[in-house]
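For the record, in the sequence shown the residue sitting at position 307 is 448 according to our numbering, with numbers rising by one throughout.
Here's the structure we're looking at; comments come further down.
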Amino acid sequence: MAGTNLLSVGTAELGKMPLREFVKGLEGMNPEAIVRLRRERKLTAEHEHALEIFLRDHPSKRLKKPEKESRLSPRGQARLARLRAREETAQRQKAADTVRDALTSQPSQKREGYVELFIRLKAWWEGVDVEIVRREYNERRASNQPPAKNPDLSIEIGNIHPRFANDRWTDARLEVAQILWGQGHSLPGGRDFALKLVKSLALRPEHTFADLSSGLGGGTRAIARRYQLWLEGYEREPDLADYANDVSIDEDIDAQAPVRHYEVEKLALQENRYDAIMVREMLFSVDDKKALLQDIGRALKSDGNLLFTDFVLTDRLQETETLAAWRAAEPFRARPWTMDEYRQMLSDLRYVVRVFEDITDDYVAHINAGWMQALKAVKSGKFSREQVDALMEEGQMWLARSRALQEGRLRLLRCHAVMRHRVDRAMSDALRIDG
């Protein structure tokens, strides 16, 4: 007996459908139809889980890989070709290394003037002399603790901060960012921190939501999945936006959580559309913050929610060397406000502040946890030269941020504010809402 045509059933009716009938309907659908179902219907958590199990148990019902690859951005397709070529090269190198190791009785010695990479990186991050870290490491080895595997990679002491000539988000940098912050993430804290940030919004499946700082999209996708939202992700860096949407495609969530490039100065969100808009660690680098906050306010429904995190100054009149180093390390020009300046501007623009808190300590802990993940990866000896360069580049920015935050002159603010559109009504006037 044929199952129900699920595409002919509306979202409300579908939500009441028994799981057995839902799965029976899936059996009669081809992969393209299942993708369309996910795109056009808001499934309940139970139906979404049943669909994931169904696709796992029925590989023929998944969208074929070549079809998925054809939907990748040009950057994504080029990157996929590079990764495949690199995998082939790595396999050939592994085979050659196996033969070399079998024929060589003594391992090759590191050249004079080199240090183990993970010792150098640990010393650089902690701001101490290399010899101090080396001595501590040797003492641990001498105490009969099992030593970590030495990486088969070394670097020259005076050459650890290369600058990228072209795209900021190279393959290596994308890989390093995900080692630091988690698969699909480019900001500290990964999935759990992103979900924690939006908890106060009380999101529901029917809400419209936009993320103006998606990065690689990991937080955007996590929010979409947790709250069953069909949301919009935006990213200011075009190469990062392409890669983020490619990940959404790869995870079959690009219809539910697409990521698009946008220009901050030309934000064109539909007025009175959104229940919530999120912006993470970006406003400090926007020249005209007032204009952006106004644009966001117009896009929010009345009683819509703005959630943002941002780097703020504790004192505008005091500039330190640490703050200057932070400004120099940022990829975009830093123009931070103080907390008081944010409070005043939000009030002027008719936002009602619900949460206004300093979350610096939690944020610094996430930065340090990410760096420890990177050190573990380095100790495994699997980093390529390009990844080392990318780690130093990415690490330079996060080290500068971490030091400025820990000095206390820079803090991370979390703000949740509600937009209240003013309603003017006279006895003889029609209702008018000034956005």
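All C-beta atoms, glycine included, are put in the ideal place defined by N, C-alpha and C.
Item to check | Given glutamate 412 as reference, the closest of Asp429, Tyr403, Asp436, His402 once Cα atoms are compared | outcome: Asp436
Next on the checklist: Cutting at 6 Å between CB atoms, please list the residues of its own chain near arginine 362, excluding the five before and the five after it.
Outcome noted: Ile394, Ala398
Next on the checklist: Taking 8 Å as the limit between beta carbons, can you name the residues of its chain near proline 303, skipping five residues before and five after?
Outcome noted: Its pLDDT being 37, under 50, proline 303 is placed unreliably by the model, and the measurement read from it follows with that caveat. So the qualifying residues of the chain are Asp530, Met533, Glu534.
Checklist entry - DSSP puts threonine 479 in a beta bridge; with which residues? => result Leu454
Checklist entry - With distances taken from CA atoms, which of Asn171, Arg223, Arg542, Asp352 is nearest valine 400? => result Asp352
Checklist entry - What is the C-beta distance between tryptophan 310 and leucine 221, in whole angstroms, given that I count them as a contact (C-beta under 8 Å)? => result No, tryptophan 310 and leucine 221 are not in contact; Cβ-Cβ is about 15 Å, not under 8 Å.
Checklist entry - Does the region 376-392 come close enough to the region 336-346 that 3 or more CB-CB pairs lie under 8 Å? => result no
Item to check | Extent of the continuous beta strand (DSSP E) to which histidine 402 belongs | outcome: 400-402
Item to check | alanine 417, enclosing beta strand (DSSP E) - first and last residue | outcome: 415-421
Item to check | Buried versus exposed call for lysine 157 [16 or more other C-beta atoms within 10 Å across all chains shown] | outcome: exposed
Checklist entry - Among Glu193, Gly438, Val453, which residue has its Cα nearest to the Cα of methionine 423? => result Val453
Next on the checklist: Could you check whether aspartate 499 and arginine 552 sit closer than 8 Å to each other, using their CB atoms as the reference points?
Outcome noted: yes
Checklist entry - Under 8 Å between the Cβ atoms of leucine 554 and methionine 480? => result yes
Checklist entry - What residues are listed by DSSP as bridge partners for asparagine 578? => result There is simply no residue 578 to check, as the chain begins at 142 and stops at 576 in what is shown.
Checklist entry - Considering only C-alpha positions, which residue in the set Met538, Lys520, Gly217, Val493 is nearest to histidine 557? => result Val493
Item to check | Closest by C-alpha distance to valine 420, when choosing among Ser354, Leu408, Glu208, Arg484 | outcome: Ser354
Item to check | Cβ neighbour criterion (16 or more within 10 Å) applied to threonine 152 | outcome: exposed
Item to check | Option nearest phenylalanine 497 by Cα separation, candidates Ala465, Gly511, Ala545, Leu448 | outcome: Leu448
Next on the checklist: phenylalanine 524 and alanine 417 - do their beta-carbons sit closer together than 8 Å?
Outcome noted: no
Next on the checklist: According to DSSP, simplified to helix, strand and coil, what is valine 623?
Outcome noted: Only positions 142 to 576 of the chain appear in the structure, and residue 623 is not among them; the question remains open.
Checklist entry - Closest to glycine 536 by CA distance: which of Arg476, Gly325, Arg367, Pro329 is it? => result Pro329
Next on the checklist: Quick check on this structure: which residue in Ala385, Ser389, Lys183 has the alpha carbon closest to the alpha carbon of histidine 402?
Outcome noted: Ala385
Next on the checklist: For a minimum of 3 consecutive residues, which ranges assigned as the beta strand (DSSP E) are wholly contained in the region 184-210?
Outcome noted: none
Checklist entry - Tell me, which residues are paired with valine 494 by DSSP? => result Ala558
Next on the checklist: Within 10 Å of its beta-carbon, does serine 543 have 16 or more other beta-carbons around it, so buried, or fewer, so exposed?
Outcome noted: buried
Next on the checklist: Using DSSP's beta-bridge definition, name the partner residues of alanine 351.
Outcome noted: Glu373, Ile418
Checklist entry - Would glutamine 528 pass as a contact of valine 317 if the rule is Cβ separation under 8 Å? => result yes
Checklist entry - leucine 370: which of Leu204, Asp429, Asp502, Arg180 sits nearest, CA to CA? => result Arg180
Next on the checklist: Give me, in chain order, the residues of the same chain whose beta-carbon lies closer than 8 Å to that of leucine 160; leave out the 5 immediate sequence neighbours on both sides.
Outcome noted: Glu187, His188, Ala191
Item to check | As assigned by DSSP and simplified to three states, the class of leucine 213 | outcome: coil
Item to check | Test item: CB-CB of isoleucine 320 and alanine 174 under 8 Å | outcome: no
Item to check | Cβ neighbour criterion (16 or more within 10 Å) applied to glutamate 373 | outcome: buried
Next on the checklist: Can you look up aspartate 502 in the DSSP assignment and give me helix, strand or coil?
Outcome noted: helix
Checklist entry - What three-state label does DSSP hand leucine 224 in the structure shown? => result helix
Checklist entry - Of the choices Trp478, Glu471, Phe473, whose alpha-carbon is the least far from that of aspartate 456? => result Trp478
Checklist entry - Taking just the CA atoms, how far does alanine 469 sit from alanine 306? => result Below a pLDDT of 50, predicted positions are generally treated as unreliable, and alanine 306, at 37, falls in that range; the measurement from the model is reported next regardless. Computed Cα separation, rounded: 17 Å.
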